[in-house]
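Okay, structure first, notes after.
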Amino acid sequence: MCPGNSFIFAEKSKSVSIELIQNTLLKDNFSREDLVILLGADEEGRKLLFEKAAQVKNEAVGKKVYFRGLIEYSNRCAKNCYYCGVRSGNKKVARYRMTDDEVLEAARFALENHFASIVIQGGELFTQEHIQKIGELLLKIKEMSQGRLGITLSLGEQTEETFRYWFECGAHRYLLRIETSNPDLYRKLHPANILHRFETRLKALEDLKKIGYQVGTGVMIGLPFQTLDDLAGDLLFFKNFDIDMAGMGPYIEHEETPLYQYRQLLMPRINRFYLSLKMVALLRIMMPDINIAATTAMQTIDPQGREKALMVGANVIMPNLTPVKYRENYLLYQDKPCIDEEADECQRCLEARIYMAGCEIGWDEWGDSLRFKRKNPSQINEKP
Ligand code: 5AD
Ligand code: SF4
Ligand code: FES
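Under the working numbering, the first residue of the sequence shown carries the number 3, and numbering increases by one thereafter.
What follows is the structure, given as structure tokens:
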């Protein structure tokens, strides 16, 4: 597992002059070196970066924030990622799968509260039963909502055939984080076996794109062994792959995972938070018309983390609709917020937060990625 090699990571690796930040921000295209400079910006430089990102966001996607009701469908997972609290090796977690009725109820809540879209997220499973079950659920949700609910899936790597089947059943967006675009770092974060291959993850992303999904990916920020150069590479990877959506957030250590032993290598949480904000801001500048999520992990570190992410470039939020009784069993990382709040409490709380951040909510709008729409004008059904 994770070899104990040398560690070089700081939010601010070396002092970067404000003139250099200003000049770099003026460029049309950022090189890897430019990105490392910007990721290393101090408080003063960071402010300039955030201002520029806010301006780009306003011009490209405006003030609207789109809600995706998050349904944490099941914590059963065949995989054993070294960073994740619900990895199969963690025997302390009680495993669950929501019933069809519970999923439908959550989907109905989303519809009635004008969210327009849901995300079904869960661990990676490959049984025929699971694949079939998801297909049937998709059909039931489409029927219940008369096609009005947009559905995003986040159920890990699957075969092209399975992705296609779920697409035909009604899913139209898929989230699959690359976790890191550096294959060497990927290997340090995952067991060395056939279930955890970087190449398979890449192929899955390619398959999703080919089938016609809006594809979202992302990385964890502030991982042990990760460098600013790795993160610069991640941003370039997003751009080269031409992603439609992104979800990124700070890595947060979990006691019951192998990566926990490297916690002394981590930068302070607050630095991971600022680095995550910089990643969001830079990606917004580099890809002005994609959708970027303000992730829950941001809020784990800063109570206003999601609002801050909205202010520097994010435009999607995922209120949690998972029944409260399951939430403590879906802790990918520790200190996750909203464990005891029912869906309606989170909704009200988030609404207030979004308005405080100077944004508006795109009620009843699918809010599909503008970039995807521009690439595929015929495939979009914005207001069903
Ligand atoms: N800290 C932050 N994010 C995590 N994820 C899994 N474990 C952690 C952690 N300890 C993220 C991964 C995964 C997503 C579902 O949750 O990026 O893709
Ligand atoms: Fe399973 Fe996803 Fe956690 Fe990996 S990150 S162990 S695939 S739930
Ligand atoms: Fe869940 Fe605020 S978003 S309580």
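Here a beta-carbon is modelled for each residue, glycine too, at the ideal position from N, C-alpha and C.
All values derive from a computational prediction rather than experimental measurement.
Less than 6 Å between C-beta atoms, sequence neighbours within five positions excluded: which residues of the same chain meet that for residue i?
i           : result
residue 68  : 318, 364, 369
residue 200 : 185, 188
residue 74  : 123, 324, 332
residue 378 : none
residue 261 : 84, 85
residue 183 : 235, 236, 239
residue 133 : 164
residue 101 : none
residue 138 : none
Would you tell me roughly how many angstroms separate the C-alpha atoms of residue i and residue j, rounded to the nearest one?
i           : j           : result
residue 19  : residue 43  : 8 Å
residue 235 : residue 40  : 13 Å
residue 186 : residue 220 : 17 Å
residue 238 : residue 34  : 7 Å
residue 115 : residue 301 : 23 Å
residue 350 : residue 209 : 38 Å
residue 57  : residue 243 : 24 Å
residue 120 : residue 310 : 23 Å
residue 225 : residue 129 : 31 Å
residue 11  : residue 145 : With a pLDDT of only 45 at residue 11, under the threshold of 50, the placement of this residue in the model should not be trusted, and no figure is reported.
residue 198 : residue 123 : 19 Å
residue 202 : residue 159 : 8 Å
residue 386 : residue 171 : Low per-residue confidence applies at residue 386: pLDDT is 43, beneath 50, and the placement is therefore not dependable enough to give any value.
residue 373 : residue 157 : 23 Å
residue 280 : residue 180 : 19 Å
residue 192 : residue 82  : 7 Å
residue 27  : residue 98  : 47 Å
residue 8   : residue 196 : Caution applies to residue 8, whose pLDDT of 33 falls short of 50 and renders its modelled position unreliable; the model cannot decide the point.
residue 315 : residue 60  : 9 Å
residue 371 : residue 247 : 7 Å
residue 204 : residue 64  : 31 Å
residue 352 : residue 96  : 29 Å
residue 250 : residue 211 : 19 Å
residue 62  : residue 30  : 15 Å
residue 263 : residue 256 : 10 Å
residue 194 : residue 147 : 43 Å
residue 80  : residue 49  : 42 Å
residue 3   : residue 76  : Low per-residue confidence applies at residue 3: pLDDT is 33, beneath 50, and the placement is therefore not dependable, though the value from the model is reported in the following sentence. If I take the Cα positions, the gap works out to 27 Å.
residue 308 : residue 126 : 26 Å
Is it the case that the CB of residue i approaches a heavy atom of ligand 3 more closely than 8 Å?
i           : result
residue 301 : yes
residue 351 : yes
residue 270 : no
residue 330 : no
residue 348 : yes
Which residue marks the beginning of the alpha helix (DSSP H) containing residue i, and which one marks its end?
i           : result
residue 69  : Per DSSP, residue 69 belongs to no alpha helix (DSSP H); it is in the beta strand (DSSP E), 66-69.
residue 276 : 271-288
residue 150 : Residue 150 -> no alpha helix (DSSP H), and no H or E assigned at all.
residue 300 : 298-303
residue 185 : 185-191
residue 26  : 20-27
residue 175 : Counting along the chain, residue 175 falls outside any alpha helix (DSSP H), though it belongs to the beta strand (DSSP E) covering 175-177.
residue 261 : Premise fails: residue 261 is in no alpha helix (DSSP H) and is neither H nor E.
Using C-beta distances below 7 Å, list every residue in its chain close to residue i, excluding the 5 sequence neighbours before and after it, in chain order.
i           : result
residue 47  : 18, 20, 23
residue 245 : 217, 218, 219, 292
residue 348 : 321, 322, 340
residue 155 : 122, 168, 173, 176
residue 338 : 298, 302
residue 94  : 258
Sorry if obvious, but does the Cβ on residue i come closer than 8 Å to a heavy atom of ligand 1?
i           : result
residue 156 : yes
residue 188 : no
residue 26  : no
residue 324 : no
From what residue to what residue does the beta strand (DSSP E) around residue i run?
i           : result
residue 197 : Premise fails: residue 197 is in no beta strand (DSSP E) and is neither H nor E.
residue 248 : 247-252
residue 357 : That residue, residue 357, is in no beta strand (DSSP E); its alpha helix (DSSP H) goes 345-358.
residue 217 : 216-219
residue 120 : 119-124
residue 328 : Here residue 328 belongs to no beta strand (DSSP E); instead the alpha helix (DSSP H) covers 326-329.
Leaving out five residues on either side along the sequence, give the residues of the same chain with a beta carbon under 8 Å from the beta carbon of residue i.
i           : result
residue 312 : 67, 296, 319, 356, 359, 361
residue 2   : What is shown of the chain runs 3 to 386, which leaves residue 2 out entirely.
residue 215 : 165, 169, 173, 174, 175, 176
residue 344 : 326
residue 380 : none
residue 143 : 105, 106, 109, 120, 151, 153, 172
Cβ-heavy atom distance between residue i and ligand 2 below 8 Å?
i           : result
residue 85  : yes
residue 89  : yes
residue 149 : no
residue 81  : yes
residue 64  : no
Is any heavy atom in ligand 5 found nearer than 8 Å to the beta carbon of residue i?
i           : result
residue 252 : In the structure shown, ligand 5 is absent; the only ligands present are ligand 1, ligand 2 and ligand 3.
- Message: Measuring CB atoms only, is the region 218-233 touching the region 158-165, in the sense that at least three cross pairs come out at less than 8 Å?
- Response: The region 218-233 is not in contact with the region 158-165.
- Item | Cβ pair count under 8 Å reaching 3, the region 274-284 against the region 323-332 | Contact annotation: the region 274-284 does not touch the region 323-332, with fewer than three C-beta pairs closer than 8 Å.
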